[in-house]
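For reference, the structure discussed in these notes is given below.
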Amino acid sequence: MNESAEPSFRQSKRDFLKYVLGGGLLAWITAVVYPILAYLKPPKQSEAKISSVKAGTLKDIPKDSGTIVRFGNKPAILIRTAQGKLRAFTATCTHLDCTVQYRKDMGLIWCACHNGKYDLNGRNIAGPPPRPLTALRVIVHGDDIFISNQP
Amino acid sequence: MSKPVHLLSALVFAGLLFAGSLGAADQCLICHTGQGDKPSALFRHDVHFLKGIPCSGCHGGNPNAAEVEQAMNPKEGFIGVPKGDNVSRMCAACHSDSARMRRLGSSLPTDQLESLQSSVHGRLSISGSERLARCTTCHGAHGIRRVKDPLSPVSPLNVVRTCAHCHSNAAFMRMYNPSLAVDQVEKYRTSVHGTRNAKGDVKVAECASCHGSHDIHSAKDVKSRVYPTNIPSTCSTCHGNAAYMVEYHIPTDQFEKFSKSVHGVALLQKGDLGAPACNSCHGNHGAAPPGIESVSKVCGSCHALNADLFSASPHKKVFDEADLPECETCHGNHEIVAATDKLLGVTPEAVCSQCHSPEENPRGYAAARLMRQLTDSLQSSEKRAASLVSEAEQKGMEISEAKFKLRDARQARMQARTMVHAFDPKKFEEVADRGLGVAGVVQVEAQQSVDEYYFRRVGLLAATLIITTLAVSLYLLIRRIERKQRALNHVGRRT
Amino acid sequence: MIPFWKRAYNWIDERVELEGLVHFLGKKYVPVHRHSLWYYFGGVSLFLFIIQVVTGILLLMYYKGSEELSFESIQFIMSKVQFGWLIRSIHSWTANLFILAAMIHMFSVFFEKAYRKPRELTWLTGMLMFFLALGFGFSGYLLPWNELSFFATKVGTDIAGVIPVIGKLVMPFLRGGDEVSGATLSRFFGFHVAVFPGIFAVFLGIHLLLVQRQGMSEPLGTAKEGGDEFMTMPFFPNFLLRDLLLWLIVLNLLAILAVFFPWELGRKADPFAPAPAGIKPEWYFLFVFQTLKYIPAKLWVVDGEVLGILLFGIAGLLLLLVPFWDRKSSRGQENRFITYLGIFIVLYIIGFTILGWVV
Numbered sequence: 001m002n003e004s005a006e007p008s009f010r011q012s013k014r015d016f017l018k019y020v021l022g023g024g025l026l027a028w029i030t031a032v033v034y035p036i037l038a039y040l041k042p043p044k045q046s047e048a049k050i051s052s053v054k055a056g057t058l059k060d061i062p063k064d065s066g067t068i069v070r071f072g073n074k075p076a077i078l079i080r081t082a083q084g085k086l087r088a089f090t091a092t093c094t095h096l097d098c099t100v101q102y103r104k105d106m107g108l109i110w111c112a113c114h115n116g117k118y119d120l121n122g123r124n125i126a127g128p129p130p131r132p133l134t135a136l137r138v139i140v141h142g143d144d145i146f147i148s149n150q151p
Numbered sequence: 001m002s003k004p005v006h007l008l009s010a011l012v013f014a015g016l017l018f019a020g021s022l023g024a025a026d027q028c029l030i031c032h033t034g035q036g037d038k039p040s041a042l043f044r045h046d047v048h049f050l051k052g053i054p055c056s057g058c059h060g061g062n063p064n065a066a067e068v069e070q071a072m073n074p075k076e077g078f079i080g081v082p083k084g085d086n087v088s089r090m091c092a093a094c095h096s097d098s099a100r101m102r103r104l105g106s107s108l109p110t111d112q113l114e115s116l117q118s119s120v121h122g123r124l125s126i127s128g129s130e131r132l133a134r135c136t137t138c139h140g141a142h143g144i145r146r147v148k149d150p151l152s153p154v155s156p157l158n159v160v161r162t163c164a165h166c167h168s169n170a171a172f173m174r175m176y177n178p179s180l181a182v183d184q185v186e187k188y189r190t191s192v193h194g195t196r197n198a199k200g201d202v203k204v205a206e207c208a209s210c211h212g213s214h215d216i217h218s219a220k221d222v223k224s225r226v227y228p229t230n231i232p233s234t235c236s237t238c239h240g241n242a243a244y245m246v247e248y249h250i251p252t253d254q255f256e257k258f259s260k261s262v263h264g265v266a267l268l269q270k271g272d273l274g275a276p277a278c279n280s281c282h283g284n285h286g287a288a289p290p291g292i293e294s295v296s297k298v299c300g301s302c303h304a305l306n307a308d309l310f311s312a313s314p315h316k317k318v319f320d321e322a323d324l325p326e327c328e329t330c331h332g333n334h335e336i337v338a339a340t341d342k343l344l345g346v347t348p349e350a351v352c353s354q355c356h357s358p359e360e361n362p363r364g365y366a367a368a369r370l371m372r373q374l375t376d377s378l379q380s381s382e383k384r385a386a387s388l389v390s391e392a393e394q395k396g397m398e399i400s401e402a403k404f405k406l407r408d409a410r411q412a413r414m415q416a417r418t419m420v421h422a423f424d425p426k427k428f429e430e431v432a433d434r435g436l437g438v439a440g441v442v443q444v445e446a447q448q449s450v451d452e453y454y455f456r457r458v459g460l461l462a463a464t465l466i467i468t469t470l471a472v473s474l475y476l477l478i479r480r481i482e483r484k485q486r487a488l489n490h491v492g493r494r495t
Numbered sequence: 001m002i003p004f005w006k007r008a009y010n011w012i013d014e015r016v017e018l019e020g021l022v023h024f025l026g027k028k029y030v031p032v033h034r035h036s037l038w039y040y041f042g043g044v045s046l047f048l049f050i051i052q053v054v055t056g057i058l059l060l061m062y063y064k065g066s067e068e069l070s071f072e073s074i075q076f077i078m079s080k081v082q083f084g085w086l087i088r089s090i091h092s093w094t095a096n097l098f099i100l101a102a103m104i105h106m107f108s109v110f111f112e113k114a115y116r117k118p119r120e121l122t123w124l125t126g127m128l129m130f131f132l133a134l135g136f137g138f139s140g141y142l143l144p145w146n147e148l149s150f151f152a153t154k155v156g157t158d159i160a161g162v163i164p165v166i167g168k169l170v171m172p173f174l175r176g177g178d179e180v181s182g183a184t185l186s187r188f189f190g191f192h193v194a195v196f197p198g199i200f201a202v203f204l205g206i207h208l209l210l211v212q213r214q215g216m217s218e219p220l221g222t223a224k225e226g227g228d229e230f231m232t233m234p235f236f237p238n239f240l241l242r243d244l245l246l247w248l249i250v251l252n253l254l255a256i257l258a259v260f261f262p263w264e265l266g267r268k269a270d271p272f273a274p275a276p277a278g279i280k281p282e283w284y285f286l287f288v289f290q291t292l293k294y295i296p297a298k299l300w301v302v303d304g305e306v307l308g309i310l311l312f313g314i315a316g317l318l319l320l321l322v323p324f325w326d327r328k329s330s331r332g333q334e335n336r337f338i339t340y341l342g343i344f345i346v347l348y349i350i351g352f353t354i355l356g357w358v359v
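Right, here's the structure in full:
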């Protein structure tokens with residue numbers, strides 16, 4: 001009786017171990033493969049760039065208009081003057097950090113918060129802003145416009 | 001001192017000695033008076049003549065010689081009429097020598113030439129050979145009087161005309177500074193200072209009171225007393241002096257209040273030249289307190305958006321009818337502090353409740369209450385979003401994008417604060433809702449980021465459990481295999 | 001019915017004669033004695049290297065090796081890519097643990113004189129891999145292009161520049177110019193992902209082949225204690241399963257480190273900014289760095305720094321060639337000198353590393 005009981009107990013224990021081992025292995029493979037597959041899935045947002053960003057193409061920005069583009073952590077404003085010249089500045093108002101915009105009717109860069117005005121060279125010409133906007137470099141490659149903070 | 005000045009001072013000193021030893025028998029004066037010329041007549045009232053300094057003190061020559069050939073002989077040291085900068089040098093021979101001035105019984109300062117030379121008048125020249133102004137330009141040549149003498153060209157009542165001689169001459173000023181205005185005197189005469197000065201009040205400010213006398217600098221020069229950051233203290237030399245101002249019956253605490261105000265802090269402590277000094281509201285040459293009607297225009301020259309909104313608001317008409325100064329009624333004047341949200345609403349410290357009560361003015365009361373509620377909720381939801389962002393940041397999560405969006409919420413709050421001046425709840429709600437929307441989005445994103453942080457820890461726990469299970473069962477497997485091997489005498493055998 | 005895996009085995013066996021290999025593995029035994037623990041560090045090093053290869057390839061999917069973008073691309077990996085933080089932190093942590101494990105592996109071999117005949121080539125390839133690992137660490141450290149790594153690379157390449165005779169050629173070669181710049185980054189990137197792995201793979205292949213061919217070395221001392229024969233255990237499955245068990249534990253440790261101590265990114269390098277205070281190299285270079293600080297600027301007529309570098313160079317060379325000059329161990333005699341030398345080296349490295357850490 002005893003001799004026959006022992007092997008059957010062993011048998012069940014072995015099976016149990018086998019299941020645990022197999023299940024654990026499967027779970028482990030999942031735990032390793034899932035992060036890797038998730039990692040390989042390209043994120044929604046496009047790739048990392050900061051010191052120069054593509055601000056659009058020449059077609060996107062007609063003469064006498066301006067547009068806000070994201071430049072790293074801060075907004076930048078890209079302006080095309082009525083004469084067709086491209087200029088870019090940091091779009092953060094030097095007064096209280098609001099975001100400035102191009103006003104076609106004024107031909108100026110204007111801050112909606114406190115009516116601060118900058119001319120198209122970024123100089124603060126009216127209202128509360130204490131300092132000019134920082135100029136950024138505009139580079140045109142074919143049809144693409146890039147903004148860069150490298151001098 | 002350069003050589004010619006040495007020579008000149010020796011000359012002047014010799015002249016003084018002669019005058020002293022020979023009394024008033026000055027042959028120059030005798031002869032020139034006889035000819036009836038103007039300089040000799042004027043010189044008899046000159047402070048220098050009264051102090052015993054003869055013609056030869058400045059012109060050289062021998063005052064004892066009766067003969068023209070000998071008296072006005074270059075060999076006797078005669079130099080004729082000093083030209084150009086030599087005039088100032090001649091004056092400075094005595095006036096810059098403190099020892100000599102003391103000997104002559106004078107307590108005048110002795111830095112005039114030095115000040116003049118570094119001033120805008122001393123530095124500008126057209127010909128290059130001489131400076132723009134020399135002593136005689138303002139003080140005259142032969143009829144020089146004490147500054148306090150009402151007949152002196154630089155006395156408080158005359159100095160305006162003296163300065164205007166050049167500064168109101170557009171043709172002359174064009175040679176030096178074509179863009180400089182030439183209407184200062186005209187404006188001055190409209191100011192409180194100018195009208196009183198014209199009536200003979202010698203205590204009110206004239207040109208030199210603000211610009212200085214010998215040490216005048218361009219207003220763009222940081223050394224200038226009228227450089228923006230220096231203006232408040234320049235004005236307060238008189239306006240802050242209670243004893244001096246006693247007869248005018250106006251307060252003297254403006255400087256004290258101003259320096260604590262948002263404008264004063266920006267200008268005086270942060271050095272923000274865009275911030276207003278006294279003259280920005282009161283005018284400079286035409287200085288006068290702005291009238292009730294003009295207050296909002298004055299403030300609106302910088303705070304244009306607020307002024308525009310206000311002018312279009314229902315308050316405009318009511319304020320005008322009640323003779324209330326527009327901005328000042330809520331914000332004060334010299335002691336304007338940075339406006340906080342506390343000004344808005346219906347709480348006791350809010351300015352709205354001064355006029356609006358639920359009984360008398362229920363519409364305005366409701367509008368004030370609504371705008372305050374919106375501002376508060378905008379602020380608190382922005383704050384909550386910001387704290388969530390910083391929590392995520394502190395947990396080491398990368399959240400720069402949500403942080404970037406947070407700017408928009410802040411901007412909306414800024415704009416809402418401006419929009420208050422329209423006193424229109426609808427417009428206000430529009431701006432505030434935009435801010436609330438953005439703040440909500442940021443809150444969600446930041447919360448996700450914080451959740452991600454905890455997800456990582458839970459994930460690790462799960463992975464650890466899996467690995468531990470696997471490791472333990474592996475260990476059991478090894479043990480069992482070895483037990484089996486031992487049974488078969490595999491392990492422990494010797495090679 | 002024959003199970004699937006059996007059929008698959010047969011299919012392969014028919015073509016490549018697996019039977020011989022299985023037979024060989026089945027007959028392989030690992031000596032069991034009180035120093036057996038040290039046998040596992042070779043396996044751990046191998047496992048860590050495999051992790052480095054896998055995570056390194058994964059990082060390559062998003063990394064951009066240029067002055068303007070490398071910092072941002074790692075920021076991107078850490079923030080935007082799912083599990084990017086995990087992959088990057090594991091890669092950085094594994095790099096350090098790999099060098100540590102390799103070091104322990106090397107010293108255990110050294111103390112047991114396992115490099116003695118016939119295993120000179122195993123030692124030689126192992127040492128070369130260790131030097132390569134240091135190269136991996138040095139080149140990989142720069143790749144995030146942050147402030148600390150920028151200046152550490154500046155100092156490190158400066159030191160390479162004072163090597164007599166060849167220094168003036170080596171430094172511009174390493175830097176890709178006169179200064180540490182974007183060109184340096186490109187070079188280091190090339191070394192890190194192409195040159196070093198290629199060479200490493202060759203050495204690793206030889207090293208593993210030799211280990212399998214020759215089996216584990218038996219220490220000299222234990223032979224006396226245990227009599228003529230050893231306690232042994234079969235390599236397969238006993239030793240291999242133990243290896244796997246340890247690898248699992250190491251993997252878990254890595255995950256814990258990555259979650260609780262994510263590898264910092266720091267601030268982006270600005271070549272024109274002044275060097276921040278407390279610039280230190282990675283810990284495994286710290287003892288060299290610290291020694292060079294203590295050597296006086298001039299020793300008689302020789303430049304102190306040059307002398308230090310020469311000494312370290314000679315020491316490294318002697319260590320590399322130890323199987324060839326330690327004749328005693330090769331004859332099977334105990335060489336106490338080597339043991340004392342090893343103790344001195346270990347104490348020196350530990351002491352100066354702590355000094356460098358604290359000071």
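Residue numbers (the working numbering), protein chains in the order written: chain D, 1 to 151; chain G, 1 to 495; chain C, 1 to 359. For each residue, glycine too, the CB sits at the ideal point set by N, CA and C.
- Look at C/D303 here: in three-state DSSP terms it is strand.
- Interface annotation for the stretch 81-95 of chain C against chain D: V81, Q82, F83, G84, L86, I87, criterion Cβ-Cβ distance under 7 Å.
- When only Cα atoms are considered, G/E335 and G/K260 end up about 6 Å apart.
- In the same chain as G/L124, and ignoring 5 residues on each side of it, the C-beta atoms closer than 7 Å to its own belong to L132, Y176, in chain order.
- The alpha carbon of G/D408 has as its nearest neighbour, out of D/R103, D/A88, D/C113, D/L26, the alpha carbon of D/C113.
- The beta-carbon of D/N115 is placed less than 8 Å from the nearest beta-carbon of chain G.
- Per DSSP, D/F89 is one residue of the beta strand (DSSP E) stretching across 86-90.
- For G/L305, same chain residues with a beta-carbon under 6 Å away, outside a window of 5 residues either side, are T418 in chain order.
- Minimum Cα-Cα distance from C/S181 among the listed residues C/Q214, C/V202, C/A269 corresponds to C/A269.
- From the listed residues C/L124, C/I163, C/P262, the smallest Cα separation to C/L318 is found for C/L124.
- With a contact defined as Cβ atoms closer than 8 Å, G/A446 and G/A402 qualify at about 5 Å.
- DSSP places D/C93 outside any beta strand (DSSP E), giving it a letter other than H or E.
- Note that the C-beta distance between G/A99 and G/L113 is not below 8 Å.
- Selection C/L220, C/G176, C/V30, C/G137 evaluated against C/M231 yields C/V30 as nearest (Cα-Cα).
- Chain G has no Cβ within less than 8 Å of the Cβ of C/L347.
- Near chain D, meaning a CB-to-CB distance below 7 Å, the residues of the stretch 61-82 of chain C are M61, E68, L69, E72, S73, Q75, F76, K80, V81, Q82.
- Contiguous beta strand (DSSP E) elements confined to the stretch 114-186 of chain C do not occur, taking only those with 3 or more residues.
- Contiguous alpha helix (DSSP H) elements confined to the stretch 39-125 of chain G occur at 47-50, 56-59, 68-71, 85-95, 98-103, 112-118, 120-123, taking only those with 4 or more residues.
- Where C/W263 is concerned, there is no enclosing alpha helix (DSSP H), because DSSP gives it neither an H nor an E.
- With a beta-carbon spacing of about 7 Å, C/G65 and C/L143 fall inside the 8 Å limit used to define contacts.
- Secondary structure of D/L26 (DSSP, three-state): helix.
- Here the alpha carbons of C/I104 and C/Q52 stand approximately 18 Å from one another.
- Using beta-carbon distances, C/I256 counts as an interface residue toward chain G, with a partner under 8 Å.
- Residues of the same chain with a CB within less than 7 Å of the CB of G/I144, apart from the 5 flanking positions on each side, are D46, V47, H48 in chain order.
- Within the stretch 455-489 of chain G, contact with chain C at the beta-carbon level (separation under 7 Å) is assigned to R456, R457, L460, A463, T464, I467, L470, A471, L474, Y475, L477, I478, I481, E482.
- Annotation for G/P39: H32, A141, H142 place their beta carbon closer than 8 Å to its own, counting only its chain and skipping 5 residues before and after.
- Against C/L21, chain D offers no close residue; the least beta-carbon distance is about 24 Å (beta-carbon pairs closer than 8 Å).
- For G/A164, the uninterrupted alpha helix (DSSP H) segment begins and ends at 159-167.
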